[in-house]
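Novice:
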Amino acid sequence: DSDGEVVKAVSCDIQLGTSVLDAYMLPDGEKRIGMTGVSLALGYTDKWFSNRTKRQSKWLESLHSMGYDGSQKPLSVIQSFNGRFNTPVNREAALATISVRDFTKVVTFEGTALRNLKAIVLMAAFMETGVDNMLDLAFSGKSVEFILEKIVHYTKWTYEELEEVLAYNREE
86 DSDGEVVKAV
96 SCDIQLGTSV
106 LDAYMLPDGE
116 KRIGMTGVSL
126 ALGYTDKWFS
136 NRTKRQSKWL
146 ESLHSMGYDG
156 SQKPLSVIQS
166 FNGRFNTPVN
176 REAALATISV
186 RDFTKVVTFE
196 GTALRNLKAI
206 VLMAAFMETG
216 VDNMLDLAFS
226 GKSVEFILEK
236 IVHYTKWTYE
246 ELEEVLAYNR
256 EE
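Residue numbers are given in our numbering: position 171 of the sequence shown equals residue 256, and the series is strictly consecutive.
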């Protein structure tokens, strides 16, 4: 978890149909996702994700086995933009956030193990966008070798871990 230091960040809201994903960029360029946005994007109440990660559970164990880090970083927003119009958005101080990689793992777990339809739709939308952006880079002569690092990372989900996720799904 966080060391308690509040980091200043710029925020932007991304409209996801009936919910909004709150995204943040830190001074070092790192991008993070708000825990409230994670909850809402997956169709839950605003405190769902925060509550799920506060206590040990089979759900959290499964995420950790997939490489979920769980590192939360409190942020203080110094400038906000809405993803559609770049207009200021009001924010409270010290928002809890998770990494983009952890967000990806939560969405993937929710979609594959729990068959959460909102997670499946997000995976499809993000994948199509990612493939399109990767092809834009490739056709403009830029390297897309970064995708290999992602493949190596996600290949670390062994067959046994996949079976564990499927077993969890059967138990639920």
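For glycine and all other residues, C-beta sits at the position ideal for the given N, C-alpha and C.
Note that the coordinates shown come from a computational prediction; the quantities given were computed from them, not determined experimentally.
Should Met212 go down as buried or exposed, given a rule of 16 or more other Cβ atoms within 10 Å for buried?
Specialist: Its Cβ having fewer than 16 others within 10 Å, Met212 is exposed.
Novice: Please report the residue range of the alpha helix (DSSP H) in which Ser150 lies.
Specialist: Where Ser150 is concerned, the enclosing alpha helix (DSSP H) stretches over Lys143 to Ser150.
Novice: Closest by CA to Val206, which one among Lys158, Ser104, Val91 and Cys97?
Specialist: The candidate whose alpha carbon is nearest that of Val206 is Ser104.
Novice: Let me know the secondary structure DSSP gives Asp217 once reduced to three states.
Specialist: DSSP places Asp217 in helix when its eight states are reduced to three.
Novice: Of the residues Glu115, Leu111 and Ala210, which one's Cα is nearest the Cα of Gly102?
Specialist: When only C-alpha atoms are compared, the closest one is Ala210.
Novice: What are the residues that DSSP puts in a beta bridge with Met120?
Specialist: Looking at the DSSP assignment, Met120 forms no beta bridge with any residue, so it has no partner.
Novice: Helix, strand or coil: how does DSSP classify Ser156 here?
Specialist: Three-state DSSP puts Ser156 in coil, outside helix and strand.
Novice: Tell me which residues share the same chain as Leu180 and place their Cβ nearer than 6 Å to its Cβ, disregarding the 5 neighbours each side in the sequence.
Specialist: Gly119 and Leu160, listed in sequence order.
Novice: Would you mind stating whether Arg117 and Tyr109 have Cβ atoms separated by less than 8 Å?
Specialist: Yes, these two residues count as a Cβ contact at 8 Å.
Novice: Which residue's Cα is closest to the Cα of Ser165: Lys139, Ala126, Ile99 and Val123?
Specialist: Comparing Cα-Cα distances from Ser165 to each of Lys139, Ala126, Ile99 and Val123, the minimum goes to Ile99.
Novice: Can you tell me whether Val123 is buried or exposed? The criterion is at least 16 other CB atoms within 10 Å of its CB, across all chains shown.
Specialist: With 16 or more Cβ atoms within 10 Å of its Cβ, Val123 is classed as buried.
Novice: Flag this pair as yes or no: are the beta carbons of Lys190 and Leu127 separated by less than 8 Å?
Specialist: Taking 8 Å as the Cβ cut-off, Lys190 and Leu127 do not qualify as a contacting pair.
Novice: Which word fits Ala223, buried or exposed, when buried means at least 16 other C-beta atoms lie within 10 angstroms of its C-beta?
Specialist: Ala223 is exposed by the Cβ-count criterion.
Novice: Between which two residues does the beta strand (DSSP E) carrying Thr189 extend?
Specialist: Where Thr189 is concerned, there is no enclosing beta strand (DSSP E), although the alpha helix (DSSP H) it sits in stretches over Val185 to Thr197.
Novice: In this structure, what does DSSP give as the bridge partners for Ser104?
Specialist: Looking at the DSSP assignment, Ser104 forms a beta bridge with Leu101.
Novice: What does DSSP give as the partner residues of Leu180 in its beta bridges?
Specialist: The partner list for Leu180 (beta bridge, DSSP) reads Leu160.
Novice: Locate the alpha helix (DSSP H) running through Glu234, then write down its first and last residues.
Specialist: First-last of the alpha helix (DSSP H) with Glu234: Phe231 to Thr240.
Novice: Measuring straight from C-alpha to C-alpha, what distance separates Asp187 and Gln157?
Specialist: Rounded to the nearest angstrom, the two C-alpha atoms are 10 Å apart.
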